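A.B. asks: One structure follows; several queries about it will come next.
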Amino acid sequence: MDEAQVFPKVANLISLDFNIQKDQVQGTTKFRQDLGADFVDLARFIVEIEDEFGDVVPNDSAEKIQTVRDLVTLIVTNTATKPKKK
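Under my numbering, think of the first position of the sequence shown as 229, with each following residue one higher.
Structural data, given as structure tokens:
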């Protein structure tokens, strides 16, 4: 998957979870500052992301996610490096 495929899906999930219009979600949108997300909000959201994309957010990377772009890049990188299921 590439960024063009991942970003719209992430933006849609953000719009549903954080009550924001999908077209207002940008790569530079910050989860804590712009969306008002706290640790619990982010943890729940990461569960939803993993329901959608699989196990793509390692625990040690989750706390480093600041922006939507950070998350999209992490998803793209980790879906590209996962072995394909046969």
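Even for Gly, the Cβ is constructed at its ideal location relative to N, Cα and C. Nothing here was measured: the structure is a model prediction, and the numbers come from that model.
Keeping to the same chain, check which residues put their C-beta closer than 7 Å to that of Asn-240; ignore five residues upstream and five downstream.
C.D. replies: Within the sequence shown, the letter at position 12 stands for residue 240. Cβ within range, chain order: Lys-250.
A.B. asks: For Val-253, tell me which candidate among Ala-308, Arg-297, Thr-305 and Leu-270 has the shortest Cα-Cα distance.
C.D. replies: The residue labelled residue 253 in the question sits at position 25 within the sequence shown. Nearest option by C-alpha distance: Arg-297.
A.B. asks: Mapping the DSSP letters down to three states, classify Lys-314 as helix, strand or coil.
C.D. replies: The sequence position of residue 314 within the sequence shown is 86, counting from 1. Confidence in Lys-314 is poor, its pLDDT being 48 and thus under 50, which makes the residue's placement unreliable; the coordinate value appears in the next sentence. Of the three classes helix, strand and coil, the one that applies to Lys-314 here is coil, per DSSP.
A.B. asks: What does the Cβ neighbour count give for Phe-267, buried or exposed, with the cut at 16 atoms within 10 Å?
C.D. replies: Reading the sequence shown from its first residue, position 39 is the one you call residue 267. The residue in question, Phe-267, is exposed, as its Cβ has fewer than 16 Cβ neighbours within 10 Å.
A.B. asks: Expressed to the nearest angstrom, what Euclidean distance is found between the alpha-carbon atoms of Glu-291 and Val-304?
C.D. replies: Residue mapping note: residue 291 aligns to position 63 of the sequence shown, counting from 1. Residue mapping note: residue 304 aligns to position 76 of the sequence shown, counting from 1. One C-alpha to the other measures close to 17 Å.
A.B. asks: By DSSP, does Thr-307 sit in helix, in strand, or in coil?
C.D. replies: In the sequence shown, the residue the question calls residue 307 occupies position 79. It is helical.
A.B. asks: Using the rule of at least 16 other Cβ atoms within 10 Å of the residue's Cβ for burial, across every protein chain shown, is Val-234 buried or exposed?
C.D. replies: One-based indexing of the sequence shown puts residue 234 at position 6. Buried, because 16 or more other Cβ atoms sit within 10 Å of the Cβ of Val-234.
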